[in-house]
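Novice: Going line by line, the protein sequences match chains A and B. Just add 3 to the spot in the first sequence (first one is 1) and you have the numbering used here. Just add 3 to the spot in the second sequence (first one is 1) and you have the numbering used here. Note that the Cβ used here is the ideal one computed from N, Cα and C, for glycine as well. All of these numbers come straight from a predicted model, not from anything done at the bench.
2 protein chains.
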Amino acid sequence: MLKECGIKPSKHRIAIFEYLFNHRVHPTVDIIFKDLFFDIPTLSKTTVYNTLKLFSEHGIIKILNIDENNLRYDADISEHAHFKCDKCKRLIDIPMKNRKFEGLETCGLIISEYQIYCKGICNECQNSNIQ
Amino acid sequence: MLKECGIKPSKHRIAIFEYLFNHRVHPTVDIIFKDLFFDIPTLSKTTVYNTLKLFSEHGIIKILNIDENNLRYDADISEHAHFKCDKCKRLIDIPMKNRKFEGLETCGLIISEYQIYCKGICNECQNSNIQ
DNA sequence: TTACATATTTGTAATTATTACAAAATAACA
DNA sequence: TGTTATTTTGTAATAATTACAAATATGTAA
Chain A
4 MLKECGIKPS KHRIAIFEYL FNHRVHPTVD IIFKDLFFDI PTLSKTTVYN
54 TLKLFSEHGI IKILNIDENN LRYDADISEH AHFKCDKCKR LIDIPMKNRK
104 FEGLETCGLI ISEYQIYCKG ICNECQNSNI Q
Chain B
4 MLKECGIKPS KHRIAIFEYL FNHRVHPTVD IIFKDLFFDI PTLSKTTVYN
54 TLKLFSEHGI IKILNIDENN LRYDADISEH AHFKCDKCKR LIDIPMKNRK
104 FEGLETCGLI ISEYQIYCKG ICNECQNSNI Q
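1) Scan the segment 23-107 of chain B and note each continuous alpha helix (DSSP H) run of 4 residues or more that stays entirely inside, going in chain order.
2) If you reduce the DSSP assignment to three classes, tell me which class residue 6 of chain B lands in.
3) I'd like to know whether the C-beta atoms of residue 63 of chain B and residue 51 of chain B end up nearer to each other than 7 Å.
4) Take residue 15 of chain B and list the residues in its own chain whose beta-carbon comes closer than 8 Å to its own, dropping the five residues that flank it on each side.
5) Report the residue from A:48, A:92, A:129, A:38 whose alpha carbon sits nearest the alpha carbon of residue 72 of chain A.
6) Would you kindly report the start and end of the unbroken alpha helix (DSSP H) that includes residue 121 of chain B?
7) Contact between the segment 20-37 of chain B and the segment 109-127 of chain A is defined here as three or more beta-carbon pairs at a separation below 8 Å; is this criterion met?
8) According to DSSP, is residue 2 of chain B helix, strand or coil?
9) Closer than 7 Å, CB to CB, is residue 63 of chain A near chain B or not?
10) Closest to residue 126 of chain A by CA distance: which of A:4, A:90, A:110 is it?
11) Of the choices B:32, B:104, B:87, whose alpha-carbon is the least far from that of residue 128 of chain B?
12) Helix, strand or coil: how does DSSP classify residue 14 of chain A here?
13) So, for residue 29 of chain A: in the same chain, excluding its five sequence neighbours on each side, which residues have a beta-carbon less than 7 Å away from its beta-carbon?
14) Taking the CB atoms as reference points, tell me whether residue 19 of chain A and residue 123 of chain B lie closer together than 7 Å.
15) Look at residue 83 of chain B and residue 70 of chain B and say whether their C-beta atoms are less than 7 Å apart.
16) In angstroms with no decimal places, state the Cα-to-Cα distance between residue 102 of chain B and residue 85 of chain A.
17) Please decide whether residue 107 of chain B counts as near chain A, where near means a Cβ-Cβ distance under 7 Å.
18) Report all residues from its chain with a CB closer than 7 Å to the CB of residue 57 of chain B; omit the five preceding and five following residues, and keep chain order.
19) For the segment 85-104 of chain B, list every residue whose C-beta sits within 7 Å of some C-beta in chain A, in sequence order.
20) Between the C-alpha atoms of residue 109 of chain B and residue 99 of chain A, what's the straight-line distance to the nearest angstrom?
21) In whole angstroms, what separates the C-alpha of residue 61 of chain B from that of residue 32 of chain B?
22) Using only the alpha-carbon positions, how far apart do residue 104 of chain A and residue 38 of chain B sit?
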């Protein structure tokens with residue numbers, strides 16, 4: 004997959020991409036780094052930053068800016084929206100079919116990418132009565 | 004307007020809200036602070052941060068997270084999307100009518116707010132041939 | 001007006017995510 | 001093996017935002 008996007012597949016790059024591909028919770032750099040560091044003790048956080056930026060420049064992942072504090076990363080580049088629960092803080096994918104924005108398509112802008120970010124309360128937190 | 008939202012209108016609060024209301028370019032804290040500081044030399048940047056956070060908590064403004072580096076603020080709380088030009092970096096409002104997300108409304112999540120962020124090339128930058 | 005309580009603002013310091021960059025390590029290849 | 005290019009590392013720099021205590025301003029009752 005990396006090769007197809009014109010990225011030379013080094014050990015670390017493969018590890019980072021695999022991690023993101025297998026962990027669909029949109030992790031932060033910190034989470035990715037800490038988890039991988041367990042297996043690859045020579046890994047540097049800068050490498051994680053560099054590699055993820057490289058990936059996103061080649062369009063193989065997407066950077067999510069939904070969280071105020073830090074960036075999050077998503078290996079699923081198919082069309083879907085993102086939801087952040089105000090209670091449990093989890094990020095959840097929302098599938099989207101037949102989306103339609105009147106106005107957005109017809110304003111003369113060339114739109115190369117877009118993101119839809121939602122906030123509210125997720126299913127689990129609605130059902131649990133713990134405040 | 005501030006009173007209606009349950010915010011005590013102090014001098015600075017009025018100044019900050021007026022500024023945002025009259026400058027619809029979604030300025031950063033830094034821009035707001037520097038412009039207002041010219042007239043109010045006693046103003047502190049922390050006050051700008053505090054005040055804007057207060058405003059957004061009371062729903063009288065919206066915080067935009069479209070820019071990677073810093074937050075931006077919008078006194079227009081009506082439904083519209085935002086576009087950032089990759090060339091000139093400007094933020095542009097996109098009006099939206101009859102938007103429809105199939106899937107988004109029917110997934111059981113309670114969505115209290117959402118944002119649509121687009122990126123690409125704006126009209127002006129398409130027409131100017133300067134790279 | 002004065003005294004007091006409350007709310008607001010200030011300014012500095014701390015926190016934290018991200019980037020810059022040069023050195024070190026690794027890989028590619030003749 | 002020797003040389004070059006690429007990747008990775010680790011530290012330092014940058015910069016946005018927040019924490020917090022002190023200072024200031026405001027409102028109110030006596």
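Specialist: Looking at the atomic coordinates:
1) 32-42, 48-60
2) helix
3) no
4) 43, 46, 50, 54
5) A:92
6) Per DSSP, residue 121 of chain B belongs to no alpha helix (DSSP H); it is in the beta strand (DSSP E), 113-124.
7) no
8) Here chain B has residues from 4 to 134 only, and residue 2 of chain B is not among them.
9) no
10) A:90
11) B:87
12) helix
13) 67, 75, 76, 77, 94
14) no
15) no
16) 17 Å
17) yes
18) 10
19) 86, 97, 98, 99, 100, 101, 102, 103, 104
20) 10 Å
21) 18 Å
22) 35 Å
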